[in-house]
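Chemist: Starting off with a structure, shown below.
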Amino acid sequence: MSLPDTLLERYRSGDLRALARAITLAEAGLEAARPLLRAAREKSASGAAHRAVVVGVTGSPGSGKSTLTDSLIAALRARGQRVAVLAVDPSSPYSGGAILGDRIRMLRHHADSGVFVRSLASRGALGGLSARTMQVLALMDGAGFDWVILETVGVGQSEVDVAAACDHTLLVLTPAGGDGVQAFKAGIMEIADVIAVNKSDLPGADRTVRELMAAQGLGAHDEHTWMSPIRKTIASKGEGIDTVIAAVEKHRAWLGEEGLQTRRERRAEFEVRSLVQERLLQRARSAAHDLYARVARGELDADAAADTLLTVQA
Ligand SMILES: Nc1nc2c(ncn2[C@@H]2O[C@H](COP(=O)(O)OP(=O)(O)O)[C@@H](O)[C@H]2O)c(=O)[nH]1
Ligand SMILES: [Mg+2]
Numbered sequence: 001m002s003l004p005d006t007l008l009e010r011y012r013s014g015d016l017r018a019l020a021r022a023i024t025l026a027e028a029g030l031e032a033a034r035p036l037l038r039a040a041r042e043k044s045a046s047g048a049a050h051r052a053v054v055v056g057v058t059g060s061p062g063s064g065k066s067t068l069t070d071s072l073i074a075a076l077r078a079r080g081q082r083v084a085v086l087a088v089d090p091s092s093p094y095s096g097g098a099i100l101g102d103r104i105r106m107l108r109h110h111a112d113s114g115v116f117v118r119s120l121a122s123r124g125a126l127g128g129l130s131a132r133t134m135q136v137l138a139l140m141d142g143a144g145f146d147w148v149i150l151e152t153v154g155v156g157q158s159e160v161d162v163a164a165a166c167d168h169t170l171l172v173l174t175p176a177g178g179d180g181v182q183a184f185k186a187g188i189m190e191i192a193d194v195i196a197v198n199k200s201d202l203p204g205a206d207r208t209v210r211e212l213m214a215a216q217g218l219g220a221h222d223e224h225t226w227m228s229p230i231r232k233t234i235a236s237k238g239e240g241i242d243t244v245i246a247a248v249e250k251h252r253a254w255l256g257e258e259g260l261q262t263r264r265e266r267r268a269e270f271e272v273r274s275l276v277q278e279r280l281l282q283r284a285r286s287a288a289h290d291l292y293a294r295v296a297r298g299e300l301d302a303d304a305a306a307d308t309l310l311t312v313q314a
């Protein structure tokens, strides 16, 4: 039996070392990742029971995304659920849940650990998500976790991309400095399915919640509109976490099978489009320098140069 077959079988059986290997292959953009990615998608397409709740966590740096994720891990593990985390920020630390920390650390050495954490360096200064991010999420989803959590860096493009990458977007705000109003102005609130007002041990949490609710009420809505639940949390103490989980579950019920299907298709679209973009940029980079020089000299117009690049065989 060839090595990739063995890896595929091990991945299919839920072996976490095989998952780690599969992720490494996908990150490197290697051919060998492709059968694994198809197997992952096949599995999650085979029914709701084989599918993870995929949650994207976004919000400004320092708002408490990592701390909240850590508390989510602990709360979900306490319910016996298995959790995979992808942090698009290598500086994010996870203890595997403060409460269950020691137990999880022990479990980690076990083949069927309940927590799997991986970080990816974000692409470029704007921190946008890449096709590779979608692929790692798909591999985690197909590996049999109950929840898959994506923590973004929370700046620039990643704040918008996250909605295309997940079933549910959790926006983390804080009472400090009119964070809620800022989010509203920046249009970030529109992509949030659930809002956590974290650090609600600090002054102004209730006012922030009221402001957010008022802002929500201003938008056009009817009885079918999803009004993102706003939940107060103290992530560092694990408070309010259960209400966040309940709000995500409520959103999942609201989306229904059809809504979830749409979200999965959106994820696939994001992945394919990112790959097309990457390949085209690669082609544009490797194009004969002469092509650009000719545009600069006015011998060729930019449209004609673009057409030329598109017809070049890769
Ligand atoms: N007071 C308070 N501090 C918190 C809370 N949650 C997180 N923090 C602190 O806020 C800081 C940033 O948290 P972190 O999770 O790294 O934020 P991230 O950059 O969004 O991932 C850390 O020092 C945390 O201990 C909270 O609920 N209350
Ligand atoms: Mg973080």
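Throughout the sequence shown, residue numbering follows full-length UniProt numbering, covering 1 to 314 in sequence.
From the three backbone atoms N, C-alpha and C, an ideal C-beta is built for every residue, glycine too.
What three-state label does DSSP hand residue 387 in the structure shown?
Modeler: Missing from the structure shown is residue 387; the chain here goes from 1 to 314 and no further.
Chemist: Whole-angstrom Cβ separation of Trp226 and Asp201, contact assumed at under 8 angstroms?
Modeler: With a Cβ gap of about 28 angstroms, Trp226 and Asp201 do not count as contacting.
Chemist: Smallest Cα separation from Pro229: which of Ala235, Glu239, Arg210?
Modeler: Comparing Cα-Cα distances from Pro229 to each of Ala235, Glu239, Arg210, the minimum goes to Arg210.
Chemist: Taking the straight line between their C-alpha atoms, what separation do you get for Gly101 and Glu31?
Modeler: Unreliable placement is indicated for Gly101, whose pLDDT of 44 sits below 50; no coordinate value is reported for it.
Chemist: Less than 8 angstroms between C-beta atoms, sequence neighbours within five positions excluded: which residues of the same chain meet that for Ala302?
Modeler: Excluding positions up to five away in sequence, the list reads Val295.
Chemist: Identify whether Thr262 lies in helix, strand or coil by the three-state DSSP scheme.
Modeler: Helix at Thr262.
Chemist: With which residues is Thr58 paired in a DSSP beta bridge?
Modeler: DSSP lists Leu171 as partners of Thr58.
Chemist: In its own chain, which residues sit with a C-beta less than 6 angstroms from the C-beta of Gly56, not counting the 5 before and 5 after it?
Modeler: Leu150, Val162, Ala165, Cys166, Thr169.
Chemist: Between which two residues does the alpha helix (DSSP H) containing Ile23 stretch?
Modeler: 16-27 is the extent of the alpha helix (DSSP H) around Ile23.
Chemist: Indicate whether the contact test is met: 3 or more Cβ pairs, each with one atom in the segment 4-16 and one in the segment 136-152, closer than 8 angstroms.
Modeler: The segment 4-16, when compared against the segment 136-152, does touch it at the 8 angstroms Cβ threshold.
Chemist: Where DSSP assigns a beta bridge to Phe116, which residues make up the other side?
Modeler: Beta-bridge pairing links Phe116 to Ala84.
Chemist: What are the residues that DSSP puts in a beta bridge with Leu150?
Modeler: DSSP lists Gly56, Leu86 as partners of Leu150.
Chemist: Please output, in chain order, the residues near ligand 2 using a CB cut-off of less than 5 angstroms to any non-hydrogen atom of the ligand.
Modeler: Cβ atoms closer than 5 angstroms to ligand 2 belong to Lys65, Ser66, Ser92.
Chemist: Is the beta carbon of Thr233 within less than 8 angstroms of some heavy atom of ligand 1?
Modeler: Within the cutoff, so yes.
Chemist: CA-CA distance, Arg231 and Thr6?
Modeler: Each residue's alpha carbon lies about 45 angstroms from the other.
Chemist: Assign Asp89 to one of two classes, buried (16 or more other C-beta atoms within 10 Å of its C-beta) or exposed (fewer than that).
Modeler: Label assigned to Asp89: buried.
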